[in-house]
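One structure is given below, encoded as structure tokens.
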Amino acid sequence: MLVVKTPKARGELVDNIRSYQPWKAKPARRVYIPKGPKGGGKKRPLGIPTIHDRVMQAIVKNALEPYWEARFEPASYGFRPGRGCHDAIAKIFNIARPNKHKKWVLDADIEGAFDSISHERVLEVIGPFPARELIRRWLKAGYVQMGTLHPTKAGAPQGGVISPLLMNIALHGMESALGVRYEKRGQIQGSRALLRYADDWVLFCESEEDAQGARLQAKEWLLKRGLSLSEEKTQIVHLTEGFNVRHYPAPKTARSGYKLLIKPSKESVRNFKQRVRLEWMDLKGHNVMEVLKRLNPIVRGWANYFRIGVSKRTFEALDHWMFVRCARHVRSNHPRKGWRWCRSKYWGHLNPERADRWVFGDKGTGAYLLKLSWTPIRRHLLVKGASSAEDPELQGYWIERERRKLEEGLLPPRLIGLARAQRGLCSHCGASLSNGEALNRHHLLPKREGGTDERSNLRLLHLYCHQRIHTVAPARKPSDAEATRLSRVRGNPQARF
């Protein structure tokens, strides 16, 4: 069994798990994916465990993660609940401001971290955890490639549910090893500052000599874990030189003579164009509604990701590039029509909130293609110190962070109102709506029974929660108590469901 998509298949999986003997770990399946532009055409090996092992790994991860979340260092941001890339970028911004003294950066890359991590070291650090032997068997299970079984003497399979957590556990303690210290209030103290995102990390130092010394210390520390720095990708640079986070001269506007700007990298812009270009090629001959369906999620997602930096000019340049692609698409679909006809049919004042008559879309339905420049620039609120989403005393803090995520517009506009009314929580399972799962709208009273699309009749659920509702219990009319609650919600749209 490779995938489980239907409710029936999930039920069968649950029955199988009840009698499954987890100590019989099976080897992972080895597949290769491109490393991306930085990989130079190389491919990254992925080890995909069987679905039974993935389920068991999720169970073990849920038991092991809270303990380590309470211990992890503040500088760790990758593959942790409640933390992400935006927190890492915000932390870098705080460390690298021109009025700070740490202007030399050790930009480090660990060579094949997931493939080289020491099994013995990971198991030693985990200690007497009840599922320790099961973790050991997963690590030692090997992988199958082209029908041949290969043993694994080191590494954790990329594709395993528990592998990112094991990587964070193995690299725990890097701050202490490199001499990063904090004062009682949680502020960085000393001449070094570290930021780590899984196996990628940067160290800020006050001098180039100190950065060179830190590089030697890191090599020695990583060697004990079976890891080594990539000589090709590891570099020491000044913040005024070739680093994505840079100090730009500003003698007239900044007291220090420089200003810190974090912009979308040229590589990110190039990747966006390449992805959209492939979509346009695939959309050749399709109508405008299909274009909007395919491109709007890409535009919205890319703009929301880079909205926390200095991205306004980049957004405007990409909007012009998109306009040219739209014009090519229209000319290709209507080779015998003139430009005036094309412009009249596909461009107009379609967005009522914008004084822009060059919006591409379908005038019949009013649907239009989003522009990146419409996304407002908003600074990300950095996660507080070493705060963990597993800390029961900070539940209010994390709920407030989820609410702010929704206010930043990370959801499609038609879902934002529902998400805010539900305070960012799934109305079925109570978990966060912004945990990466697909979302569905659920009608309390089905439309076939007279239900409407009014907000009072809608709930926002995770995809699998929605499927579970329709699988476990057939659609029915709301009870008297539910009807009373619906009427109360109509009068107060901000009421919590």
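FYI, my numbering numbers position 372 of the sequence shown as 762, with every residue one higher than the one before it. For every residue, glycine included, the Cβ atom is placed at its ideal position computed from N, Cα and C. The structure presented is a predicted model; accordingly, all values stated were derived computationally and were not measured.
Legend entry - Where Q344 sits in the DSSP three-state scheme: Outside the shown range of the chain, which is 391 to 887, sits residue 344, and nothing can be said about it.
Legend entry - Three-state secondary structure (DSSP) of T704: To locate residue 704, count along the sequence shown from 1; it is residue 314. T704: helix per DSSP, three-state reduction.
Inset, instruction - Could you give the DSSP three-state label for C595: helix, strand or coil? - result: Taking the first residue of the sequence shown as position 1, residue 595 is located at position 205. Strand at C595.
Inset, instruction - Mark K837 as exposed unless 16 or more other C-beta atoms lie within 10 angstroms of its C-beta, in which case mark it buried. - result: Along the sequence shown, one-based indexing puts residue 837 at 447. It is exposed - the Cβ of K837 has fewer than 16 other Cβ atoms within 10 Å.
Legend entry - Proximity of I507 and V450 at Cβ, strictly below 8 Å: In the sequence shown, residue 507 corresponds to position 117, counting from 1. In the sequence shown, residue 450 corresponds to position 60, counting from 1. No.
Legend entry - I479 in three-state terms, based on DSSP: Indexing the sequence shown from 1 puts residue 479 at position 89. The three-state reading of DSSP puts I479 in helix, counting H, G and I together.
Legend entry - Status (buried if at least 16 other CB within 10 Å, exposed otherwise) for R703: Within the sequence shown, residue 703 is the residue found at index 313, counting from 1. Classification for R703: exposed.
Inset, instruction - Could you pull out every unbroken beta strand (DSSP E) segment of at least 3 residues lying fully inside the stretch 507-543, listed in chain order? - result: 533-535 and 538-540
Legend entry - Close Cβ partners of L808 (< 8 Å) along its chain, the five nearest in sequence each way excluded: The sequence position of residue 808 within the sequence shown is 418, counting from 1. Excluding sequence neighbours, L808 sits near R831, R845, L848, R849 and L850.
Inset, instruction - Kindly confirm or deny that the stretch 742-751 and the stretch 685-694 touch, where touching means at least three C-beta pairs closer than 8 Å. - result: No: fewer than three Cβ pairs fall under 8 Å.
Inset, instruction - Can you tell me which of the three DSSP states L555 falls into? - result: In the sequence shown, the residue the question calls residue 555 occupies position 165. DSSP places L555 in helix when its eight states are reduced to three.
Legend entry - R697 and R768 closer than 8 Å at C-beta: In the sequence shown, counting from the first residue as 1, residue 697 sits at position 307. In the sequence shown, counting from the first residue as 1, residue 768 sits at position 378. A distance below 8 Å separates the beta carbons of R697 and R768.
Legend entry - Residues near P554 by beta carbon distance below 8 Å, same chain, minus five either side: Here residue 554 refers to the residue found at position 164 of the sequence shown. Within the same chain, P554 has close Cβ partners G468, F469 and A588.
Inset, instruction - Grab me the residues of S722's own chain with a C-beta within less than 7 Å of its C-beta, minus the 5 sequence neighbours each way, in chain order. - result: Working through the sequence shown from its first residue, we reach residue 722 at position 332. Contacts found: K674.
Inset, instruction - Determine the DSSP secondary structure at L650, reduced to helix, strand or coil. - result: Walking along the sequence shown from the start, residue 650 turns up at place 260. L650: strand per DSSP, three-state reduction.
Inset, instruction - Starting from I626, follow the alpha helix (DSSP H) in both directions and report where the run begins and ends. - result: As a first step, residue 626 must be located in the sequence shown, where it is residue number 236. Not the alpha helix (DSSP H): I626 falls in the beta strand (DSSP E), residues Q625 to H628.
Legend entry - K481 classed as buried or exposed, judged by whether at least 16 other C-beta atoms fall within 10 angstroms: What you label residue 481 is simply residue 91 of the sequence shown in a count that begins at 1. By the 10 Å Cβ count, K481 comes out buried.
Legend entry - Backbone CA spacing between Y424 and Q548 [nearest angstrom]: As a first step, residue 424 is located in the sequence shown; it is residue number 34 there, counting from the start. As a first step, residue 548 is located in the sequence shown; it is residue number 158 there, counting from the start. Reading off the sequence, residue 424 comes out as Pro, not Tyr. Cα-Cα distance, rounded: 13 Å.
Legend entry - Exposed unless 16 or more other CB atoms sit within 10 angstroms - verdict on M671: Within the sequence shown, residue 671 is the residue found at index 281, counting from 1. Exposed, because fewer than 16 other Cβ atoms sit within 10 Å of the Cβ of M671.
Legend entry - Sub-8 Å separation of N484 and L772 beta-carbons: Residue numbering aside, residue 484 sits at position 94 when the sequence shown is read from its first letter. Residue numbering aside, residue 772 sits at position 382 when the sequence shown is read from its first letter. Contact: yes.
Legend entry - Status (buried if at least 16 other CB within 10 Å, exposed otherwise) for V681: Stepping through the sequence shown from its first residue, residue 681 is reached at position 291. With 16 or more other Cβ atoms within 10 Å, it is buried.
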